[in-house]
C-alpha cells in the first residue's frame, strides 16, 4: 500500500507530502478568522465545498477548518503532481536526441533537466514513470507509404512493384485519409493507439498452436560454462527461491525503471504480467488472466507426468528458504507417484492444440470436479516448474528441449515455465502475448544476480553432492506437504489428448534448431569495421541468406518502442536497397575490399537510422497494421493494405539485450559469472528462418537459427554455416589496406 501511494504521488515523497499537509493545516488554523487565508475569495470557494457535507456542520469550527485545509492541500498536491507528469510527458516528446551523433547544447540541457527533476529528485519505483510517458504518435500517412514502397522495391519484380505503386496511389487518394483520421481520433482517447489491438489481434486471436509457433525459450546458462550445481534438486530449489526474491521486488515495485543513458525512462507495464499470469483459451479470442498475490502464492511442479501443488510460504506467510524448498522437491523426486492412465501425464499437450480446440475441451472436460480443481491450481500458480529427466549435452539440444520438450510437458498457457534438467542446467519456456523477451531476460538477470550474490557471500552454499546446504541455525521444520493434482480421464478426453500429442510431436519433429556461440565475432570486430553491432549481424544474415537462395526477402527485426506509454515493438525492415547493394558487391569479384567496406558502412548506417525512426514512433508496420484494423472495423476494402500486410516475413530476426540490470544489482557478485546463451523461437514463415541473437558483453555473440524440416529450401545447419562464413568475410573487410593504415 505504501508503494502504491509513492507511485500515485511521485515525484513527491509521501512523507514530504504528509508533512506539507500538516504544516499547511497548522498554518491555516493559526491564522485569525478575518484573515484573507480564511475569509478571502479562495476561502469562500473552499467553504462552498463544506456546504456539500451537511453532517459536518455540527463539528467545531476549528475541525472544519482543519479538514478543509487538508482537503485543499491534497487537491493542490494532486494538481502539482499532474503538472509535473504533464511536463515530463512534454519533455519526453522531444526525440531529436536519438538522431544526433553528438548531443547539441539544447539536447544536453534537456537531458540535464530530466535527470535533475525526475531521476535524482526522488528515487522512482517500478511504475513511477508510467503516467509521465508520452503517447505513441500517429505518423503522417504519406511518409509511411513512401517508406513502405522503398522497403519493398529491392524485393519485388518491376511488374509487381509497379502494381503495388498503383495500389498505394489509390490508397492515398481514396480510403487512406479517412482511415488515418479515425486512427488519430483513437490516439486521442487511448494511451497507445496500437498496443491493445496488437495484443488482441496478433496474439490473443491467433488460433494456431502456441508450441514453437508463438512461445519462445530462454537459456539461463552460458555454454560452455559449468552450472553452479549439477544436482537437479539443489539447482531447482535455488532457482525457485531466487525467482521469488525477484517477485518480491516486483510486488514492492523495488525494481527501478529502465532508463536510457540513466535518464530517459522506458515503459515497464509488461513486468506486472511476468508472475501469476495465464493465457486462458477462448473460442475466438483468448484472454490474459492476472491473479492477485492473495490467490496466487504457490507453484506447480511437473515430474514424470505427475503435477504437484507446492506452497512456498510457511505458516507465518514468509518465503521458504532454498533448503526448505529443496526438502519439498526431494519429497516429490524420492517418492514419485505413479500415473493411473498414460494420458494423465500428457494433459499439458492440450495447451499445444489449436486455441479453439483447447477452449472447447476446456469447457466440456474441465468445467467441474477434479479436473476443474486441478486446472485452477495450475492456472493460478505463480509459475510452473518442470523437473526434466533429460541431460542435454549441447547448447542446441538444450534450446530444443526448452522450446518444446516432448510435447506433453510444457504448459504453454503459463507466462513462463522453469525447466530444470537432470544435469542442473536450466531455462525457461515463455508465452509471448503478455510481454516481450527483453522483459523476461531482465528478470532472469536479476534472478542470477540474487543467486550469485548469495553464493559468493556464503549466504547460500551447495554441498559436495550439489544440494543446498542446510544452515545450522535454520533446520527444516514442519512444512506443508506437496499436493498431487489428479485428473479424471474420460474416454473422450483421452482421445483428445492422444490427438494433441500426435500433433505436438509432429511439430517437434519438423523443427530444426541450431545454436552457436561465436568467440571471434564480437563487438571489437564490429568496431574495427566502424559498424553498429546490431546492424553488422543483420547484414551478415542478409548475405548468408542471399548466398543460399540467390534472392532478397522481407526481413523482420523488432525495435523497442518502450519510450512511449504501453509501447512494445515496431518493425525494422532490415532488407533495404543499401543492404542489397552491399550483398551484391560481396558477390562481385571485381569489387574492391574498400568498396565493399564503404557499402557495408552505408548499409549499417541506414539500418541504424531505420531503427531510430522505429524507436521514435515513426516506423511503418504498426501504423499499417492499425490502419488495417480500422479498415476492417469500418468494413472498408483496402487492396494496398491487404497486399502489404499479406506478405510473409521469410526472415524473422531479433536481438535480445543482456546487461539490463543496474550496477547496484551486481554488487557482491562477479559480473562475468552472470552470462547466458539467450534464447530463440520457431520460424514465423514455414519456408523461412527464425534468427535470434545476443551480444554477451564485448566477448561473444550467441546465435539461434530455426527452420522447418518439411521445407526443402531451408536448413538451419547450412544457414549457420553460411552466416559463419559471412561473418568471416566481413571480418576481412576490417583488414583492408586503408584500414590498416
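Numbering (the UniProt record's numbering), first residue to last: 1 to 741. Backbone N, C-alpha and C define an ideal beta-carbon position, used for all residues, glycine too.
In terms of Cβ geometry, residue 358 and residue 471 do not form a close pair [threshold 7 Å]. One thing to note: residue 301 has its Cβ within 7 Å of the Cβ of residue 385.
Shortest Cα-Cα distance from residue 482 to any of 735, 224 and 336 involves 336. The beta carbon of residue 409 is closer than 8 Å to those of 302, 305, 348, 386 and 388 in its chain, skipping five residues each way along the sequence.
Proximity to residue 417 across 278, 486 and 396 peaks at 278, based on C-alpha coordinates.
Looking at the DSSP output, residue 427 sits in a beta bridge with 219 and 419.
No Cβ-Cβ contact shorter than 7 Å links residue 530 with residue 98. The C-alpha of residue 695 is placed about 11 Å away from the C-alpha of residue 519. No Cβ-Cβ contact shorter than 7 Å links residue 669 with residue 425.
Residue 711 sits in coil when the DSSP states are folded into three classes, being neither helix nor strand. By DSSP's assignment, residue 572 forms a beta bridge with 557. Around the beta carbon of residue 363, fewer than 16 other beta carbons sit within 10 angstroms, so the residue counts as exposed.
Under the rule that a run must span 3 or more residues, the beta strand (DSSP E) segments found entirely inside the segment 204–287 read 216–219 and 277–280. Counting of Cβ neighbours within 10 angstroms places residue 338 among the exposed residues, the total staying below 16.
Among the bridge pairs identified by DSSP, residue 516 is matched with 703. By the CB criterion at 7 Å, residue 691 and residue 502 fall outside the cutoff.
Going by beta carbons, residue 255 and residue 126 fall inside the 7 Å limit. For residue 305, the three-state secondary structure derived from DSSP is coil. Contact check between the segment 200–215 and the segment 429–439: three or more CB pairs, one atom from each, fall below 8 Å, which counts as touching. Where residue 384 is concerned, the enclosing beta strand (DSSP E) starts and stops at 384–387. Residue range 689–696 is occupied by the beta strand (DSSP E) that includes residue 692, with no alpha helix (DSSP H) assigned at that position.
Under DSSP, residue 298 forms a beta bridge with 311. For residue 106, the number of other beta carbons within 10 angstroms of its own is below 16, and it is reported as exposed.
For residue 604, the three-state secondary structure derived from DSSP is helix. Residue pairing by DSSP places residue 679 opposite 218 in a beta bridge. Fully contained in the segment 304–382 are the following beta strand (DSSP E) runs of length 3 or more, in chain order: 306–311.
In the three-state reduction of the DSSP assignment, residue 433 falls in the coil class. The C-alpha of residue 196 is placed about 30 Å away from the C-alpha of residue 576.
In this structure, residue 382 and residue 275 form a Cβ contact; the two beta carbons are roughly 5 Å apart against a cut-off of 8 Å.
By the Cβ-count criterion, residue 143 is exposed, with fewer than 16 other Cβ atoms from all chains shown falling within 10 Å of its own Cβ.
Using a 10 angstroms sphere on the CB of residue 22, the tally of other CB atoms stays under 16, which defines it as exposed. Between the beta-carbon of residue 513 and that of residue 704 there is about 7 Å, and that keeps the pair under the 8 Å contact cut. Secondary structure of residue 654 (DSSP, three-state): strand. Beyond the five residues adjoining it in sequence on each side, residue 729 comes within less than 8 Å, by CB distance, of 543 and 586 in the same chain, given in chain order. Nearest Cα to residue 13 within the set 100, 69, 122 and 627: 122.
One alpha carbon belongs to residue 19, the other to residue 10, and they sit about 15 Å apart.
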